[in-house]
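> So the sequence lines, in the order shown, correspond to chains Y and W. Residue 167 in our numbering sits at position 161 of the first sequence, with consecutive numbering throughout. Residue 34 in our numbering sits at position 28 of the second sequence, with consecutive numbering throughout. Pasting a structure below so you can have a look.
Protein chains: 2
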Amino acid sequence: MMDLNIKEPTTRNAKTTFQEIEKSAIKLFYKNGYHATTIADITDDAGVAAGTLYLYFPSKLVLYKHLLLTFSHNIRRYIAARVNKMESRYDKEREGVKAFIEYARKNPEMYNIIWESLYIDRDLFRDYYMSFAKRYKKGLDAAVKQGELREIDTDVVSFVLMGIANFIGLKVVFKLGERNDDIDYIVDVVMDLIKNGLFKERE
Amino acid sequence: MMDLNIKEPTTRNAKTTFQEIEKSAIKLFYKNGYHATTIADITDDAGVAAGTLYLYFPSKLVLYKHLLLTFSHNIRRYIAARVNKMESRYDKEREGVKAFIEYARKNPEMYNIIWESLYIDRDLFRDYYMSFAKRYKKGLDAAVKQGELREIDTDVVSFVLMGIANFIGLKVVFKLGERNDDIDYIVDVVMDLIKNGLFKERE
DNA sequence: TCACATTATGAATGGATATTCATATATTAG
DNA sequence: CTAATATATGAATATCCATTCATAATGTGA
Chain Y
7 MMDLNIKEPT
17 TRNAKTTFQE
27 IEKSAIKLFY
37 KNGYHATTIA
47 DITDDAGVAA
57 GTLYLYFPSK
67 LVLYKHLLLT
77 FSHNIRRYIA
87 ARVNKMESRY
97 DKEREGVKAF
107 IEYARKNPEM
117 YNIIWESLYI
127 DRDLFRDYYM
137 SFAKRYKKGL
147 DAAVKQGELR
157 EIDTDVVSFV
167 LMGIANFIGL
177 KVVFKLGERN
187 DDIDYIVDVV
197 MDLIKNGLFK
207 ERE
Chain W
7 MMDLNIKEPT
17 TRNAKTTFQE
27 IEKSAIKLFY
37 KNGYHATTIA
47 DITDDAGVAA
57 GTLYLYFPSK
67 LVLYKHLLLT
77 FSHNIRRYIA
87 ARVNKMESRY
97 DKEREGVKAF
107 IEYARKNPEM
117 YNIIWESLYI
127 DRDLFRDYYM
137 SFAKRYKKGL
147 DAAVKQGELR
157 EIDTDVVSFV
167 LMGIANFIGL
177 KVVFKLGERN
187 DDIDYIVDVV
197 MDLIKNGLFK
207 ERE
């Protein structure tokens with residue numbers, strides 16, 4: 007695992023300080039983006055002095071990477087936990103899309119922080135999507151073996167499904183278009199499409 | 007239309023200068039992102055003095071917005087031109103996905119420049135995707151009326167289809183996963199999915 | 001209670017860079 | 001040809017901001 011040289015706090019109060027810095031950084035990176043957010047903005051918001059941030063994080067970049075990895079870890083855990091409860095591939099797929107959207111709505115900061123990696127450290131961006139895709143592909147391959155999915159290129163399919171989840175999440179988070187509060191309805195439409203296709207006639 | 011206060015050049019040589027600045031800015035915003043690209047980087051690359059840039063663009067931000075609007079305009083024109091040649095909705099959909107991917111591959115800068123708007127001017131980002139989605143929805147609504155598509159929420163579907171095109175484009179541009187040079191093959195897989203769904207049994 | 005380690009402060013530093021402007025050259029219209 | 005206009009230069013300016021560091025306060029183990 008990438009060593010970020012973050013110094014974990016040990017005392018009770020210091021742990022609070024650490025978390026306050028994280029919280030403020032997430033809030034401000036989301037609101038204004040990485041570059042427009044200054045160290046002073048973060049430390050002011052957290053109610054600590056500028057130097058305090060450097061007790062824990064050696065640089066602004068490392069703070070950002072730390073948050074990215076945390077989000078990346080959390081969303082995967084969250085989705086996996088919910089998907090694993092399901093039996094059929096259909097239910098897994100439905101739950102996966104739903105979990106993604108719900109996580110995105112609860113943590114709208116995620117989009118900004120993950121996508122912004124494209125402009126901050128392109129390798130982080132690549133790694134994030136590649137490892138997400140790989141895990142997705144694994145699940146799909148298993149389902150093909152079980153005979154639940156048609157024989158289809160699971161590498162391509164994993165990107166198709168990630169694209170769907172991400173853009174539906176985008177729609178919900180940024181309230182683009184209609185009915186963005188009714189997640190169950192939106193998931194129904196998406197699953198209908200994934201199951202039955204877009205066109206009227208099959209073959 | 008948003009007035010950016012760009013001063014168009016009139017003489018032959020000045021037009022070249024203007025285009026050189028555009029070209030260098032695209033190249034560098036793509037390569038290093040908006041914030042990491044300095045005015046000096048752009049003007050050095052274009053072979054002009056720093057002050058020259060300000061003859062045409064009142065600020066770095068306006069230069070960026072100008073490029074974003076140009077891309078946004080171009081990709082829509084490009085896709086529309088190709089889609090309009092097709093008769094059936096199936097062929098239109100296939101050609102639309104293929105055109106998007108091919109445009110993205112020929113102009114990989116597009117991704118960076120459009121997505122980065124989320125961190126530079128969030129309204130630009132919203133406007134871009136909302137107007138894209140609206141136009142998409144119109145085409146889908148027409149196809150539903152013609153009886154070519156199933157009765158399905160075209161607002162949601164437009165985001166699903168944009169998500170698919172964008173993430174497949176991402177896969178191809180960033181060479182994530184396999185077979186990224188074989189666009190026809192990838193489009194085949196995507197269309198198979200859109201037509202026949204993911205699962206083995208229907209209903 | 002006393003040394004030692006950890007945590008906190010915030011003013012000072014140093015480097016970076018968008019933009020301006022005084023000056024110079026090229027182009028065009030009459 | 002000549003004024004007027006458009007184009008080009010690049011050093012100087014003024015601001016911004018990540019990081020450091022000398023100093024102080026707080027917590028901890030013996």
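Built from N, CA and C at the ideal position, the CB exists for glycine as well. Predicted, not measured: the structure shown is a model, and the values here were computed from it.
1. Is residue 155 (chain Y) helix, strand or coil by DSSP?
2. Do residue 36 (chain Y) and residue 119 (chain Y) have their beta-carbon atoms positioned less than 9 Å apart in this structure?
3. Looking at chain Y, which residues of the segment 29–48 of chain W have a Cβ within less than 9 Å of any of its Cβ atoms?
4. Out of W:66, W:38, W:53 and W:25, state which residue places its alpha-carbon closest to the alpha-carbon of residue 45 (chain W).
5. By Cβ distance below 8 Å, which residues in the same chain neighbour residue 34 (chain Y) in space, the five residues on each side in sequence not counted?
6. Pick from Y:172, Y:184, Y:125 and Y:179: whose alpha carbon is nearest that of residue 143 (chain W)?
7. Cα separation between residue 3 (chain W) and residue 79 (chain W)?
8. Of the residues Y:28, Y:105 and Y:179, which one's Cα is nearest the Cα of residue 2 (chain Y)?
9. Under the rule that 16 or more other beta-carbon atoms within 10 Å means buried, what is residue 160 (chain W), buried or exposed?
10. For the alpha helix (DSSP H) containing residue 43 (chain Y), list its first residue and its last residue.
11. Tell me which residues of the segment 125–146 of chain W have at least one Cβ-Cβ distance to chain Y shorter than 9 Å, keeping chain order.
12. Ordered along the chain, which non-local residues of its own chain (more than five positions away) have a Cβ less than 8 Å from that of residue 32 (chain Y)?
13. In chain W, what lies closer than 7 Å to residue 184 (chain Y) by C-beta?
14. Of all the CB atoms in chain Y, is at least one closer than 9 Å to the CB of residue 99 (chain W)?
15. Using the Cβ count rule (16 or more neighbours within 10 Å means buried), how would you classify residue 164 (chain Y)?
16. Determine contact between the segment 173–181 of chain W and the segment 195–203 of chain Y, defined as no fewer than three beta-carbon pairs at a distance below 8 Å.
17. Pull up the CB-CB distance for residue 103 (chain W) and residue 196 (chain W), whole angstroms please, since I reckon it's below 8 Å.
18. Please classify residue 99 (chain Y) as buried or exposed, where buried requires at least 16 neighbouring CB atoms within 10 angstroms.
19. Start and end of the alpha helix (DSSP H) containing residue 35 (chain W)?
20. Cα separation between residue 13 (chain Y) and residue 109 (chain Y)?
21. Return no unless some Cβ of chain W is closer than 9 Å to the Cβ of residue 116 (chain Y).
22. With a threshold of 9 Å between beta carbons, is residue 70 (chain W) in contact with chain Y?
23. Going by Cα to Cα distance, which pick from Y:162, Y:113 and Y:18 is closest to residue 84 (chain Y)?
24. What residues of chain W sit near residue 180 (chain Y), judged by a beta carbon separation below 7 Å?
25. Against chain W, does residue 113 (chain Y) count as a neighbour if the rule is that its beta carbon must be under 9 Å from one of theirs?
26. Counting only beta-carbon separations shorter than 9 Å, does residue 102 (chain W) have a partner in chain Y?
27. Under the DSSP definition of a beta bridge, which residues are partnered with residue 205 (chain Y)?
28. Considering only residues of the same chain and omitting the five flanking positions on each side of residue 23 (chain Y), which have a CB-CB separation below 7 Å?
29. Quick one: is residue 208 (chain Y) near chain W, going by C-beta distance under 9 Å?
30. Beta-carbon of residue 151 (chain Y) versus every beta-carbon of chain W: anything under 9 Å?
31. Does the distance from the CB of residue 168 (chain W) to the CB of residue 138 (chain W) come in under 9 Å?
32. Give every residue of the same chain whose Cβ lies closer than 8 Å to the Cβ of residue 135 (chain Y), excluding the five residues on either side of it in the sequence, and list them in chain order.
So, from the listed chains and residues:
1. strand
2. yes
3. 38, 39, 40, 41 and 42
4. W:66
5. 43, 47, 48 and 51
6. Y:184
7. What is shown of chain W runs 7 to 209, which leaves residue 3 (chain W) out entirely.
8. In the structure displayed, chain Y extends from 7 to 209; residue 2 (chain Y) sits before or after that span and is not available.
9. buried
10. Residue 43 (chain Y) -> no alpha helix (DSSP H), and no H or E assigned at all.
11. 125, 126, 128, 131, 132, 135, 136, 139, 140, 143 and 146
12. 73, 115 and 119
13. 161
14. yes
15. buried
16. no
17. 6 Å
18. buried
19. 18–38
20. 28 Å
21. no
22. no
23. Y:113
24. 132
25. no
26. no
27. W:155
28. 15, 54 and 58
29. At residue 208 (chain Y) the pLDDT is 47, less than 50, meaning the model places this residue with poor confidence; the figure from the coordinates comes in the next sentence. Yes - at least one Cβ of chain W is within 9 Å of the one on residue 208 (chain Y).
30. no
31. yes
32. 168
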